[in-house]
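What follows is a single structure, written as structure tokens, with notes after it.
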Amino acid sequence: MKDILEHLPEIIKAASSDPLSMIAFFIVVISLLAYTFFNNENIKVKISVFIAITLGLGYMIYAFLNFYKQMDNNVDIQKPTVIYSDESPKIIGIYPKDIFGLNQKEGLVKSLDNNKIGIDLIHMDFLSYNEMKSEKFNGLLDSLKTLLLNENIIAIAGPPITECADDALKVIEETKSKVPVFNTSAAPQSFLKWNEYNKKINLYRIGTGTDDRARSMAEFLKRHTNDIKKTALLVETNHSRLKTYGEIFLDEMIKASPELVSFTESGLIKVFYFDRSNIDEYDSLFNSIKYDYNSIFLFGVGEPYSHTIDKYYKGSFSEDSLAMFGGYMFGYALNDELNKSKSDIINERIFEITDLNLGRSEGIDAPMQVNKFRSEFGGFHPGLRDEASYYDIGLCMIQALAILRDSLNASPSKNIKFNEETLNYLNKILKQNTFNGISNEIRFDARGINSKSILKTAVYDSINNKWKSMHRDSIMNLR
Numbered sequence: 217m218k219d220i221l222e223h224l225p226e227i228i229k230a231a232s233s234d235p236l237s238m239i240a241f242f243i244v245v246i247s248l249l250a251y252t253f254f255n256n257e258n259i260k261v262k263i264s265v266f267i268a269i270t271l272g273l274g275y276m277i278y279a280f281l282n283f284y285k286q287m288d289n290n291v292d293i294q295k296p297t298v299i300y301s302d303e304s305p306k307i308i309g310i311y312p313k314d315i316f317g318l319n320q321k322e323g324l325v326k327s328l329d330n331n332k333i334g335i336d337l338i339h340m341d342f343l344s345y346n347e348m349k350s351e352k353f354n355g356l357l358d359s360l361k362t363l364l365l366n367e368n369i370i371a372i373a374g375p376p377i378t379e380c381a382d383d384a385l386k387v388i389e390e391t392k393s394k395v396p397v398f399n400t401s402a403a404p405q406s407f408l409k410w411n412e413y414n415k416k417i418n419l420y421r422i423g424t425g426t427d428d429r430a431r432s433m434a435e436f437l438k439r440h441t442n443d444i445k446k447t448a449l450l451v452e453t454n455h456s457r458l459k460t461y462g463e464i465f466l467d468e469m470i471k472a473s474p475e476l477v478s479f480t481e482s483g484l485i486k487v488f489y490f491d492r493s494n495i496d497e498y499d500s501l502f503n504s505i506k507y508d509y510n511s512i513f514l515f516g517v518g519e520p521y522s523h524t525i526d527k528y529y530k531g532s533f534s535e536d537s538l539a540m541f542g543g544y545m546f547g548y549a550l551n552d553e554l555n556k557s558k559s560d561i562i563n564e565r566i567f568e569i570t571d572l573n574l575g576r577s578e579g580i581d582a583p584m585q586v587n588k589f590r591s592e593f594g595g596f597h598p599g600l601r602d603e604a605s606y607y608d609i610g611l612c613m614i615q616a617l618a619i620l621r622d623s624l625n626a627s628p629s630k631n632i633k634f635n636e637e638t639l640n641y642l643n644k645i646l647k648q649n650t651f652n653g654i655s656n657e658i659r660f661d662a663r664g665i666n667s668k669s670i671l672k673t674a675v676y677d678s679i680n681n682k683w684k685s686m687h688r689d690s691i692m693n694l695r
């Protein structure tokens, strides 16, 4: 029983991947509750257990009905009549015109280069990262709406910026479009109103959101309640009506982890806030704590990460004098460092947590797609995560379109018109097949979430000038 309770979060996450698994989980829980009910004489306990059983049975009935509704929906989606178009099917790629947006664009472009299935790209990259962050994106939304209403669109990739993700979904909902929408922001499902939007539009997520990352960290903190050493969390803030990525991430951490609250109350984990538009304020903060913590996590994006490494993690600092520093999906910022003949970054003090499955490229059994990716991008490491995430969207659509063409016996020399009927059938294909991706194998559940996503940890080995896999415990000096 102790082992079950210890691993309960993992069990619940695995069970929630599909309705039948959740039903099976509740059957086990209700059985345990029934055993408690009949073997306990305390009337208060009996009443509490009875209420819990009633709620559990109610959920099971709901889950059964929902499952069969999904099954009925799958059955009802018949093969559409093929209508041909003068226009090729197109994917809309949304990304900033600078920083990691350049990597994402390149990933999508290369995944579709020389594809023999005839998918074209429309790039929406006319805004900078800061403009997308600061809500200056109305022009982008207007253009997106026009494209959905007038072009032969087969999918949308992006946007990757949390602050404009919800507004983009609103626009897609307004057009009543059924195109697959691959959300690439790290916003949690609750922030995106995933369940609400998913009733009207077709949402997909290949990588992880801050909710997935927060649950993973919560499980880690729970397992190591007595081992954690002093850790700092640096959280970005701004002057917008919208919360920053860092603030949303911290909110998810607090929701997922009771241990985090107790650790912050005791001072073992300390949360610091900084204005992301004021690098001097950030620098003063980091400088004041750099020797006081075993590890420092940055909950933010952009300039502070590179600034910290350039100023504090290069040169003459002792390896053991500074905290380990890093966070989630920052690897792209060190890609130029990898191209140097010799790195001057302090060895094994910069860490990275990524949803690029680093073990996927090891050995002779590496998938063909991964080997092709390695040859096109010169490697397979956390710094290529953005390229891989958009590359995967292209691969999913290439493979799904090939399945659709074969299923409909469509002419290989003609373009299919993607009307509502054909798009509904395409979404059915996406949710019924497994796709060979770069970041990992990809299998979408009924809600469009990739059930195969995984988080891995790496550290920067400056002696050999490369990222290498590490055990996550090492970040907080646990082993």
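695 is the number that the numbering used here gives the last residue of the sequence shown; the numbers go up by one with no jumps.
Think of the CB as a built atom: it goes at the ideal place given N, C-alpha and C, for glycine as much as any other residue.
Every value quoted in this text rests on a predicted model; they were computed, and no experiment measured them.
Bridge partner(s) assigned by DSSP for residue i
| i | result |
| --- | --- |
| tyrosine 676 | Trp683 |
| alanine 371 | Ile307 |
| lysine 486 | Ala448 |
| asparagine 666 | Phe660 |
| asparagine 631 | Ser301 |
| isoleucine 512 | Ala448 and Phe541 |
| asparagine 652 | Glu657 |
| aspartate 491 | Thr453 |
Buried or exposed by the 16-neighbour rule on C-beta atoms within 10 Å, applied to residue i
| i | result |
| --- | --- |
| aspartate 526 | exposed |
| tyrosine 300 | exposed |
| aspartate 302 | exposed |
| glutamine 294 | exposed |
| arginine 431 | buried |
| arginine 457 | exposed |
| serine 327 | buried |
| proline 455 | The question names proline, but residue 455 in the sequence shown is histidine. The residue in question, histidine 455, is exposed, as its Cβ has fewer than 16 Cβ neighbours within 10 Å. |
| serine 537 | exposed |
| serine 500 | exposed |
| phenylalanine 546 | buried |
| isoleucine 263 | exposed |
| aspartate 608 | buried |
| isoleucine 569 | buried |
| aspartate 358 | exposed |
| isoleucine 259 | exposed |
| histidine 597 | buried |
| leucine 271 | exposed |
Beta-carbon proximity list for residue i, same chain, < 6 Å, skipping 5 on both sides
| i | result |
| --- | --- |
| lysine 647 | Phe660 |
| asparagine 551 | Gly599 |
| aspartate 314 | Ser344 and Tyr345 |
| serine 559 | Glu553, Ser678 and Asn681 |
| lysine 416 | Glu389 |
Cβ-based neighbour list, residue i, same chain, cut-off 8 Å, excluding 5 preceding and 5 following
| i | result |
| --- | --- |
| arginine 621 | Ile333, Pro628 and Ile632 |
| tyrosine 529 | Leu538, Phe541, Ile561, Ile562, Arg565 and Ile566 |
| threonine 480 | Lys486 and Val487 |
| glutamate 497 | Phe490 and Asp491 |
| threonine 391 | Lys361, Leu364 and Leu365 |
Boundaries of the alpha helix (DSSP H) in which residue i is found, first to last residue
| i | result |
| --- | --- |
| lysine 647 | 636-648 |
| leucine 476 | 474-482 |
| glutamate 657 | From DSSP, glutamate 657 is part of no alpha helix (DSSP H) but of the beta strand (DSSP E) over 657-659. |
| tyrosine 498 | 495-505 |
| glutamate 592 | 584-593 |
| isoleucine 609 | 601-624 |
| glycine 575 | Segment: none, glycine 575 is in no alpha helix (DSSP H) and carries neither H nor E. |
| asparagine 346 | 345-349 |
Where the beta strand (DSSP E) through residue i begins and ends
| i | result |
| --- | --- |
| leucine 337 | 336-340 |
Beta-carbon contacts of residue i that lie in its chain and below 7 Å, excluding the five residues immediately before and after
| i | result |
| --- | --- |
| glutamate 322 | Glu603 |
| leucine 574 | Lys672, Ala674 and Ser685 |
| asparagine 666 | Arg421, Ile422, Ile658, Arg659 and Phe660 |
| valine 298 | Leu624, Ala626 and Ile632 |
| valine 517 | Tyr461 |
Quiz prompt | Length at least 4, wholly inside the stretch 378-462: the alpha helix (DSSP H) runs in chain order | solution = 378-391, 410-413 and 426-439
Exercise. Please specify which runs of the beta strand (DSSP E), each continuous and at least 3 residues long, are wholly inside the stretch 515-572, giving them in chain order.
Key: 540-544 and 566-570
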